[in-house]
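Residue numbers for the sequence shown follow the numbering used here, so the first one is 22 and each next one is one higher.
The C-beta atom is built at its ideal place from N, Cα and C for all residues, glycine as well.
It should be emphasised that the depicted structure is a prediction, and the values quoted were computed from it without experimental measurement.
Below is one structure; the comments refer to it alone.
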Amino acid sequence: MFFPSSEIEVAAILSEAKEPLSVAGGNTRVLAPSGSKIISTSKLSGVIDYEPGALTMIAKAGTPLSEIQKTLTSEGQCLAFDPYNWSRFINKKGSSTIGGVFAANVSGSSRLRVGAARDFLWVSGSLMD
Numbered sequence: 022m023f024f025p026s027s028e029i030e031v032a033a034i035l036s037e038a039k040e041p042l043s044v045a046g047g048n049t050r051v052l053a054p055s056g057s058k059i060i061s062t063s064k065l066s067g068v069i070d071y072e073p074g075a076l077t078m079i080a081k082a083g084t085p086l087s088e089i090q091k092t093l094t095s096e097g098q099c100l101a102f103d104p105y106n107w108s109r110f111i112n113k114k115g116s117s118t119i120g121g122v123f124a125a126n127v128s129g130s131s132r133l134r135v136g137a138a139r140d141f142l143w144v145s146g147s148l149m150d
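Okay, structure coming up:
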């Protein structure tokens with residue numbers, strides 16, 4: 022299992038990989054094919070920038086959903102797509118992450134009115150080649 026703490030480390034893991042890789046966030050649902058190595062996002066956590074007036078936030082993929090919600094609540098804001106935190110039902114040890122929310126496009130009932138999680142997403146990432 023790999024535990025990168027930066028995008029540079031993720032890129033190095035991807036470029037050197039000789040076997041299939043899977044990503045694990047908060048360990049609520051790890052679906053890794055047999056024989057694959059797992060990249061954990063647990064050290065890729067934290068809110069990097071938050072501009073309440075601009076309604077924008079930059080956060081790392083491994084940031085717990087609870088941390089995102091706490092940060093927004095402090096300014097009277099919330100995630101418009103209203104993701105439900107399933108971790109208490111799926112795995113009591115895990116903690117839903119913002120990366121997992123976007124990976125699964127987790128959206129609540131407000132999705133019909135405001136759009137789904139991925140409609141609010143801008144991404145930077147690393148490729149294997």
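message: Rounded to whole angstroms, what is the Cα-Cα separation between E40 and S26?
response: 21 Å
- request: From the DSSP output, read off the bridge partner residues of L42.
  value: K58
- prompt: Can you tell me the Cα-Cα spacing of A38 and E88, whole angstroms?
  reply: 31 Å
message: For the segment 119-129 against the segment 78-93, do three or more pairs of beta-carbon atoms, one drawn from each stretch, fall closer than 8 Å, so that the two count as touching?
response: yes
query: For S57 versus L42, is the C-beta distance shorter than 8 Å?
result: yes
field: Proximity to G67 [Cα-Cα], best of S55, A75 and G46
entry: G46
- request: Could you name the residues of the same chain whose beta carbon sits closer than 7 Å to that of A138, not counting the 5 residues immediately before and after it, in chain order?
  value: F102, P104, V122, F123, N126, V127 and S128
Bridge partner(s) assigned by DSSP for T70: A quick correction: the sequence has Asp, not Thr, at residue 70. Paired residue(s): I79.
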